[in-house]
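This report refers to the structure that appears directly beneath it.
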Amino acid sequence: MNAQEMPTRYDATQKESHWYACWEEAGLFSPDPNPEKPRFTITIPPPNLTGSLHMGHALCYPIQDMIGRFERLRGKSVLILPGQDHAGIATQTVVDKQLRKEGSSALQLGRDAFIERVWDWRRESGDTILRQFRALGCAFDWSRSRFTLDEHYADAVLRVFIDWYERGLIFRGKRVVNWDPILKTNVSDIETERKAAKGKLYHVRYRFADGTGEIIIATTRPETILADVAVAVHPSDERYKDIIGRKLIVPLVNREVPLIADMYPDPEFGTGAVKITPAHDANDYEVGVRHQLAMPVILDESARINLDEVRPVPEALESLQGLDRFRARDAVVEMLEAADLLVRTEDHDVQLVISDRSKEIIEPLLSEQWFVDQAALAKPVIEAVRNGEITFTPDRYTKLLLDWLENIRPWNISRQLWWGHRVPIYTTESGRQIAALNPEDAARRAAPERVISQDPDVLDTWFSSGLWPFATLGWPDETPDLQNYYPTDVLVTDRNIINLWVARMLMMGYDQAGAKPFSHVVIHATVLRRDGARMSKSLGTGIDPMDVIEKFGADALRWALLGQSGQNQELRYLEEKPEEARNFANKIWNATRFVLMNVAEMPPEPRDLNPVDRWLLSRLAETETTVRTAYEQYDPQTACQTLYRFFWNDLCDWYIEVSKSRLADESTRQTPQWVLLTAIEAFLVMLHPVMPHLTEELYAYLPLPEKSPFIMSHRWPTIPETWHDRDAHAEIERVFEITRALRALRASVDLPAGTKIPLAGFTGELGENGSIVSSQAWVETLQAGRPEGKVVSTHAAGVDLYILLDGLVDVEKQRIRIERDLAKLADERAKLEKRLNDPQFVERAKPEVIERDRAAKAELDAKQARLEDRARLFSEA
RNA sequence: GGGCGGUUAGCUCAGCGGUAGAGCACUUCGUUCACACCGAAGGGGUCACAGGUUCAAAUCCUGUACCGCCCACCA
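Under numbering that gives the first Met the number 0, the letters of the first sequence match residues 0 to 876, in that order.
Pasting the structure below:
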């Protein structure tokens, strides 16, 4: 197709899928096998199996694609490895919901059938999101796509477990965990959210066993009285100092418990005395451990009362058995009131902990779980981060990670689910626990004993995703990929999972793979709506990126998001942004089309460049430096802004306009042809990481003598030192400033742009650039000197400009304008004068600053004189 | 309770020690042969507030307010 056949509008949707297919067919998504090339690797954050594309993805993955494409242009062999996370709890919930709709349930199906069902579901719809990444233009190596439940990957997960178990880093223990009574599993802190709510604070009487008095205790959860094992006070609390160790009677239950001293109670709060319920509160649990207290549990896995562990209890309490925790609370309060044990009830703000998945209130519950002691694992990571071996963009997140690592706590890795990596612990006849890769391995290790069961729990999803950067490359086998691509280079992710995921990969990388998993972590912004609210699918406040792609193209969406993505922690998405981006793409399309209409083939490099040519090349050189640095620093916003200005303001608004006359003339066209093609080629290459499809499409049209098969496999532009031409740059910027002043002058006397004015004059130095000024300001004749007759004038960059007024001018309008301008000028002048008259300023400020102010002052004086002239002119009229 | 961001033109954001910037929106003008998804010229801001440092502060320091995020065990 030639330029004449190019439509005046760029149709993104058609071209984008076309080019994606071309790249894939050409094998460009796999790393270049050339061993000479330096490697560059990213393993993408594997999206959840249940995920569908949202705006956060539309930012996160294009950032990685942008980095990858940039590094590829710079001559590296790039691997971006995609894949998916099985996302235990999220996926299990989704499939269970489907089953319920069908009138079945996970429980009914049973473990094996349920897992089979999830696999079915995965095969059916599981990789929708990966297909959507293609629509975004992401150049990921699909041939290496991995899933955290792939056989080989799962093996790697179990090996880590076994290794840590054998080294004593994994242990089994009872802790208070976040129990979800609907899903009947414990969940991690990240899978919960806190919500402020109105609650009640109940003040309850605890009488001394010897009948000598009582202590009042405040609690928000009176039902847990059933599991009370002590009352605690602060050791320094004068009110209780002398009675520590005495026995109290737990109300209703009538159990004797001790009054103990512990640092936990805050003497300022309530009465300073706290009831201790170790099985149902994390703090109380700590107290319980310190004082070796019993820890009876009085709620079952559905958070219903179960008195088994506290029996015998008074007859009256038996009615509570099987009650839901909240109904039990009401019942207990009633009983307390009836027994005159409730002193008073007051309103109290409480923090509810809600499970993300079920939206149910979390029950802190003592249960037996597997834990990883992370302290030793964190050590090398802390050191590496401190040494700067691992760096963050933005830098502020370094501290976030360090703070967490330095206060690290045991990691609860077991979940009461079916979908995931099953805990590889087997129990033998004699009750011995064995860690093994699979049942056969377990049998072998158990011999001569027999294995009778495997732990039913599965591992926390983060345990397996922690291995992502190396298990995806074949670890623990010493595969060529592992050798070639590990350690990876950059990790791009959301700040919410710095501790949960990034920290785990670092720990596992150092400990298991023997080296850091990546050197640099890029934390991208959270995409919000215009009003700053979250985009939420459940609330219907999200915008589907696929809709935007369909309407404006992936390039437009990428530009809209990347162009707003700097060091900020939020990014407000505006519907008009992709449209603006589409317009920019269209501008590029048409400017290129114009060039192609004027250039049939690339002329040889010219020797005689005009100042304008040299100016454009110097702008190109500046742009290259800024854009390259911006990409290197993961700053898409600056890259986009710089590219936009260069293309629209410099290339289109000025260079193309100025060059039109030379292009029309056969004897002068070669130089601008060469400059234009050179600039457009370089520009397209630099833009390619952000707008891969458009640039590929346009590159295909360029009549270049030596062309790469694809712009994607092009080289980053090489800028000769001579293009950094400061003189030409300054000269031409000055000419443009003068041109703009003349345009403004003609507009100020209501001469519309485009209609030629017959005669204008100038005094001052213009060199050979007069023709630029006259053509760009639409002047028939631009002569040296002030024309005779009625003229209006202006000044710019050392040149006075005059327009001969010919015909009628709206005098009244002019008067108003002049008055306004004079008033404004007086303000500016006063400010400047005040400063220049300040002896301290003149004495202490840098000379160049003073000089600039003096020049500005002189300029204002001249401007004032001109305005006064003009005022006189119109009063004469 | 602690930490981290943010507060600049109607909107979204750059700027981070020397006379306030961009895009969009707005006003006026324009069928100039690449583009009206365009071009030209304009209007619009006491840079949240209060102190301080400095010849000079949107920019540095201190404090306050509001918005947002994260961490934390207040019954």
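For glycine and all other residues, C-beta sits at the position ideal for the given N, C-alpha and C.
*Measuring CB to CB, does residue 129 end up less than 8 angstroms from residue 116?*
Position 130 of the first sequence, counted from the first residue, corresponds to residue 129. Position 117 of the first sequence, counted from the first residue, corresponds to residue 116. Not closer than 8 angstroms, so no.
*What residues match up with residue 626 in a beta bridge as DSSP calls it?*
Reading the first sequence from its first residue, position 627 is the one you call residue 626. Residue pairing from DSSP leaves residue 626 without any beta-bridge partner.
*Find out if the Cβ-Cβ distance for the pair residue 335, residue 250 is shorter than 8 angstroms.*
Along the first sequence, read from residue 1 onward, the residue named residue 335 stands at position 336. Along the first sequence, read from residue 1 onward, the residue named residue 250 stands at position 251. Against a cut-off of 8 angstroms, the Cβ pair of residue 250 and residue 335 comes out as a contact.
*Leaving out five residues before and five after residue 632 in sequence, what residues of the same chain have Cβ atoms less than 8 angstroms from its Cβ?*
As a first step, residue 632 must be located in the first sequence, where it is residue number 633. Excluding residues within five positions, the ones whose Cβ falls inside 8 angstroms are 392.
*Counting pairs of Cβ atoms below 8 angstroms between the region 37-53 and the region 587-597, do you hit three or more?*
They do not touch, by the three-pair rule.
*Going by other Cβ atoms of all chains shown within 10 Å of its Cβ, with 16 needed for buried, is residue 8 buried or exposed?*
Taking the first residue of the first sequence as 1, we reach residue 8 at position 9. Classification for residue 8: exposed.
*Looking at the structure shown, is residue 530 part of a helix, part of a strand, or coil, going by DSSP?*
Residue 530 sits at position 531 when you count from the first residue of the first sequence. In the structure shown, residue 530 sits in coil (DSSP, three-state: anything other than H, G, I, E or B).
*So, do the region 27-34 and the region 62-70 have three or more beta carbon pairs nearer to each other than 8 angstroms?*
The answer is no - the region 62-70 does not touch the region 27-34, with fewer than three Cβ pairs under 8 angstroms.
*Is the region 487-497 in contact with the region 363-379, if contact means three or more CB pairs nearer than 8 angstroms?*
With the cut-off at 8 angstroms, the region 487-497 and the region 363-379 do not touch.
*Is residue 246 helix, strand or coil when you go by DSSP?*
Along the first sequence, one-based indexing puts residue 246 at 247. Secondary structure of residue 246 (DSSP, three-state): strand.
*Looking at residue 828 and residue 852, is the spacing between their C-beta atoms short of 8 angstroms?*
Locating residue 852 in the first sequence gives position 853, counting from the first residue. Locating residue 828 in the first sequence gives position 829, counting from the first residue. Inclusion of residue 852 and residue 828 in the CB contact set at 8 angstroms is not warranted, their separation being larger than that value.
*Go ahead and label residue 583 buried or exposed: buried means 16 or more other beta carbons lie within 10 angstroms of its beta carbon, across all protein chains shown.*
Along the first sequence, read from residue 1 onward, the residue named residue 583 stands at position 584. Around the beta carbon of residue 583, 16 or more other beta carbons sit within 10 angstroms, so the residue counts as buried.
*Count the other C-beta atoms from every protein chain shown that fall within 10 angstroms of the C-beta of residue 11, then say buried if there are 16 or more, exposed otherwise.*
Position 12 of the first sequence holds residue 11. Label assigned to residue 11: buried.
*asked:* Taking 8 angstroms as the threshold (C-beta atoms), are residue 243 and residue 224 in contact?
replied: As a working note, residue 224 is residue 225 in the first sequence. As a working note, residue 243 is residue 244 in the first sequence. No, they are not a contact pair.
*Do you know offhand how far residue 529's Cα is from residue 574's?*
The residue you call residue 529 lines up with position 530 of the first sequence. The residue you call residue 574 lines up with position 575 of the first sequence. If you draw a straight line from the Cα of residue 529 to the Cα of residue 574, it comes to about 9 angstroms.
_Same chain only: Cβ atoms within 6 angstroms of residue 143, ignoring 5 sequence neighbours per side_ = For the purposes of this step, residue 143 is taken as the residue at position 144 of the first sequence. For residue 143, where only same-chain residues beyond five positions count, the Cβ hits under 6 angstroms are 80.
*Apply the 10 Å Cβ neighbour rule to residue 822 and answer buried if 16 or more other Cβ atoms are within range, or exposed otherwise.*
Walking along the first sequence from the start, residue 822 turns up at place 823. It counts as exposed.
*Tell me residue 199's beta-bridge partners as DSSP assigns them.*
Looking up residue 199 in the first sequence gives position 200. Partner(s): 346.
*Determine the extent of the alpha helix (DSSP H) in which residue 39 is found, giving its start and end residues.*
Taking the first sequence and counting its residues from 1, one reaches residue 39 at position 40. Run containing residue 39: none in the alpha helix (DSSP H); it sits in the beta strand (DSSP E), 38-42.
*Helix, strand or coil: which one does DSSP assign to residue 96?*
For the purposes of this step, residue 96 is taken as the residue at position 97 of the first sequence. DSSP, reduced to helix, strand and coil, places residue 96 within a helical segment of the structure shown.
*Beta-bridge partners of residue 570, as assigned by DSSP*: Position 571 of the first sequence, counted from the first residue, corresponds to residue 570. Residue 570 is bridged by DSSP to 526.
*Look at the alpha carbon of residue 147 and the alpha carbon of residue 499, and state the distance between them as a whole number of angstroms.*
Here residue 147 corresponds to residue number 148 of the first sequence, with the count starting at 1. Here residue 499 corresponds to residue number 500 of the first sequence, with the count starting at 1. Whole-angstrom Cα-Cα distance: 17 angstroms.
*At least three beta-carbon pairs within less than 8 angstroms, the region 715-722 to the region 778-785*: Note that the region 715-722 does not touch the region 778-785; fewer than 3 beta-carbon pairs, one per stretch, sit closer than 8 angstroms.
_To test your reading of the DSSP string, which unbroken beta strand (DSSP E) runs of 3 or more residues are found completely within the region 260-314?_
Taken in chain order, the whole beta strand (DSSP E) runs of length 3 or more contained in the region 260-314 are 272-275.
_Three-pair Cβ contact test at 8 angstroms for the region 467-480 versus the region 347-356_ = Under the three-pair Cβ rule at 8 angstroms, the region 467-480 does not count as touching the region 347-356.
*Hey, residue 408 and residue 456: beta-carbon distance below 8 angstroms or not?*
Translated into positions along the first sequence, residue 408 becomes position 409. Translated into positions along the first sequence, residue 456 becomes position 457. No, the pair does not count as a contact, with Cβ atoms beyond the cut-off.
*asked:* Which residue wins for smallest C-alpha separation from residue 636, given the options 125, 688, 600?
replied: Locating residue 636 in the first sequence gives position 637, counting from the first residue. Out of 125, 688, 600, the CA that lies nearest to the CA of residue 636 is found in 688.
*Three-way DSSP call (helix, strand, coil) for residue 713 in this model*: To locate residue 713, count along the first sequence from 1; it is residue 714. It is coil, neither helix nor strand.
*Mind reading off the beta-carbon distance from residue 372 to residue 168? Whole number of angstroms is fine, and I expect it under 8 angstroms.*
On the first sequence, position 373 is the one that residue 372 refers to. On the first sequence, position 169 is the one that residue 168 refers to. Yes, they are in contact, since the Cβ atoms of residue 372 and residue 168 sit about 5 angstroms apart, within 8 angstroms.
*With 16 other CB atoms within 10 Å as the buried threshold, where does residue 419 fall?*
For the purposes of this step, residue 419 is taken as residue 420 along the first sequence, with counting starting at 1. Under the 10 Å beta carbon count, residue 419 is surrounded by 16 or more other beta carbons and is classified as buried.
*Please confirm if the region 430-439 is in contact with the region 93-113, defined as three or more CB-CB distances below 8 angstroms between the two stretches.*
The answer is no - the region 93-113 does not touch the region 430-439, with fewer than three Cβ pairs under 8 angstroms.
*asked:* Which residue marks the beginning of the alpha helix (DSSP H) containing residue 495, and which one marks its end?
replied: Within the first sequence, residue 495 is the residue found at index 496, counting from 1. If you look at residue 495, you'll find it isn't in any alpha helix (DSSP H); DSSP assigns it neither H nor E.
*Grouping DSSP H, G and I as helix and E and B as strand, with all else coil, what is residue 211?*
As a first step, residue 211 must be located in the first sequence, where it is residue number 212. In the displayed model, residue 211 falls within coil according to three-state DSSP, outside both helix and strand.
*Could you round the C-beta distance between residue 715 and residue 684 to whole angstroms and report it? I think they count as a contact, below 8 angstroms.*
Numbered from its first residue, the first sequence carries residue 715 at position 716. Numbered from its first residue, the first sequence carries residue 684 at position 685. Confirmed, Cβ separation roughly 6 angstroms.
_Taking a contact to mean a Cβ-Cβ separation below 8 angstroms, would you say residue 507 touches residue 159 in this structure?_
Taking the first sequence and counting its residues from 1, one reaches residue 507 at position 508. Taking the first sequence and counting its residues from 1, one reaches residue 159 at position 160. Yes. Within cutoff.
*Between the C-alpha atoms of residue 149 and residue 112, what's the straight-line distance to the nearest angstrom?*
On the first sequence, residue 149 is found 150 positions in, with the first residue counted as 1. On the first sequence, residue 112 is found 113 positions in, with the first residue counted as 1. Separation of residue 149 and residue 112 (C-alpha to C-alpha, rounded to the nearest whole angstrom) is 19 angstroms.
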